[in-house]
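Numbering (the working numbering), first residue to last: 1 to 196.
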Ligand SMILES: [Fe+2]
């Protein structure tokens, strides 16, 4: 697989910002990027490539949030135009697999390590952020034990799909280690995402 990237990180962020993003969405992209980078390090994969997948996975969100059936579909045009290849685009699209709201992806299943990682990472950001807000915006002393309790409490941040987060175990990583790694990733960018 060719893992060269047509945009650098600054250009990718410019692209996202050019699309009329809400601040909270920008945070979500940066968090997904940070967790994907940690996962790539952990698995010995290409850190820049995995980071870019996290950063751009919702590149069409500003255009599709009111029309979910198009989510990840529109991304194809946007990314193609910027020079991203089929492999990159397919991995991005795989985070929409299984969603009934996206008919074209409904029956598809994630099989690759990078696909499971992306879906799990981008879903976990919401749980960690909600937990940090519950703690007054503090993440610097957050521990995975507390987060795991919130993971088990299905009524907490109920829209964070636990099944998708658990997909990380298909990569061979245990949930506990994933939670720890993801908290670490988000601690590393806490100032950028408005946490302390
Ligand atoms: Fe996302």
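C-beta atoms are modelled at their ideal positions from N, C-alpha and C, and glycine is treated no differently.
With burial defined as no fewer than 16 other Cβ atoms inside 10 Å of the residue's Cβ, what is the status of residue i: buried or exposed?
i: residue 10; result: exposed
i: residue 116; result: buried
i: residue 114; result: buried
i: residue 159; result: exposed
i: residue 52; result: buried
i: residue 172; result: exposed
i: residue 255; result: Outside the displayed range of the chain (1 to 196) lies residue 255, so it cannot be described from this structure.
i: residue 96; result: buried
i: residue 122; result: buried
i: residue 194; result: exposed
For residue i, collect the residues of the same chain with a Cβ closer than 7 Å to its Cβ; drop the 5 residues on either side in sequence, then sort them by chain order.
i: residue 192; result: 30
i: residue 140; result: 187, 190, 196
i: residue 175; result: 166, 168, 169
i: residue 215; result: Any property of residue 215 remains undetermined from this structure, which presents the chain solely from 1 to 196.
i: residue 69; result: 101, 102, 103
i: residue 1; result: 87
i: residue 48; result: 5
Under a three-way DSSP split, which group does residue i fall into?
i: residue 93; result: helix
i: residue 18; result: coil
i: residue 177; result: helix
i: residue 59; result: coil
i: residue 28; result: helix
i: residue 190; result: coil
i: residue 85; result: coil
i: residue 158; result: coil
i: residue 36; result: helix
i: residue 172; result: coil
i: residue 8; result: coil
i: residue 44; result: coil
i: residue 197; result: Because the chain is modelled from 1 through 196, residue 197 falls outside the range shown and cannot be assessed.
Excluding five sequence neighbours on each side, which residues of the same chain lie with their C-beta closer than 8 Å to the C-beta of residue i?
i: residue 59; result: 15, 16, 19, 75, 78, 79, 92
i: residue 184; result: 38
i: residue 65; result: 71
i: residue 138; result: 132, 195, 196
i: residue 25; result: 58, 61, 62
i: residue 147; result: 127, 128, 131, 179, 183
i: residue 33; result: 51, 52, 54, 55
Return the first residue and the last residue of the alpha helix (DSSP H) that residue i is part of.
i: residue 75; result: 74-82
i: residue 144; result: 144-152
i: residue 166; result: 162-166
Which same chain residues, not among the five before or five after residue i, have their C-beta less than 6 Å away from its C-beta?
i: residue 162; result: none
Sequence ranges, alpha helix (DSSP H) only - wholly within the segment 90-139, length at least 4: Assignment of alpha helix (DSSP H) within the segment 90-139, counting only whole runs of 4 or more residues, yields 113-134 in chain order.
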